[in-house]
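Asks: The UniProt record's numbering numbers the first residue of the sequence shown as 1 and each following residue consecutively.
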Amino acid sequence: RTRLRKASYVNPAASPCSAHTPQLTAQDSPRRTALKGGKHPRMAIEPTHPEATRSKPEGQITGPESSVEGCDSGCPKAPKESDKLEKRRAANRRSALKSRYRKIVYLEELQKSEKQLEEKNSVLSKENTMLRQALYHLESGGSVTLAEQILQTCSSQHSAQVP
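(1) With 16 as the cutoff for other CB atoms within 10 Å, does Ala134 come out buried or exposed?
(2) Rounded to whole angstroms, what's the CA-CA distance from Gly142 to Lys120? Just pull it up for me.
(3) Would you call Ile104 buried or exposed, if buried means 16 or more other Cβ atoms sit within 10 Å of its Cβ?
(4) For Met43, count neighbouring C-beta atoms within 10 Å of its own C-beta (all shown protein chains included) and say buried if the count is 16 or more, exposed if not.
(5) Please name the residue in Arg94, Met130, Leu138 and Tyr136 whose C-alpha comes closest to that of Ser156.
(6) Specify the secondary structure class of Ser122 as computed by DSSP and reduced to three states.
(7) Pop quiz: Glu127 and Cys154 are said to be a contact at Cβ under 8 Å. What is the actual Cβ separation, rounded to whole angstroms?
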């Protein structure tokens, strides 16, 4: 995904602010450079609009800030803006990391809860089957003592397995 932002074109070689322009070094990988907010040559996007491919005269600045004098007041702002951007990105990375951690903890709790509920469901299903057997036995004219034995077995299993 490419984001386009409004910015003025400044020829870095002719700009009096070129001292504040970040330069790529051998240590700058494309990812590191992208995280710093810079542009890496391999990540550059070629302009497709015919007017964008025309070269600008050296030293010419276009856009809302067209005076070179404005650059002196603009130079100190550039590092502040990039610092703010870097701080925001770092905060976003920390926030994303915390969010991923919370998600992992939440999923582990859900899995634990699911396992407990499955065990409880299994116990209750067995109890239900035993109670149905006792009811069927009583309805078919069986002895009450046999039904009571089934109920005792059911209640002892239920109390031993359910916390």
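Where a beta carbon is used, it is the ideal one built from N, C-alpha and C, also for glycine.
Because the structure is a prediction, the values reported are computed rather than measured.
Replies: Short version:
(1) Walking along the sequence shown from the start, residue 134 turns up at place 134. Ala134 should be labelled buried.
(2) Here residue 142 refers to the residue found at position 142 when the sequence shown is read from its first residue. Here residue 120 refers to the residue found at position 120 when the sequence shown is read from its first residue. For Gly142 and Lys120, the distance between alpha carbons rounds to 30 Å.
(3) For this step, residue 104 is matched to residue 104 along the sequence shown. Ile104 comes out exposed.
(4) As a position in the sequence shown, residue 43 is number 43, starting the count at 1. Low per-residue confidence applies at Met43: pLDDT is 47, beneath 50, and the placement is therefore not dependable, though the value from the model is reported in the following sentence. Met43 should be labelled exposed.
(5) Position 156 of the sequence shown, counted from the first residue, corresponds to residue 156. Checking every option, the nearest Cα to that of Ser156 belongs to Met130.
(6) Within the sequence shown, the letter at position 122 stands for residue 122. Ser122: helix per DSSP, three-state reduction.
(7) Numbered from its first residue, the sequence shown carries residue 127 at position 127. Numbered from its first residue, the sequence shown carries residue 154 at position 154. Indeed they touch by this definition, with Cβ atoms about 5 Å apart.
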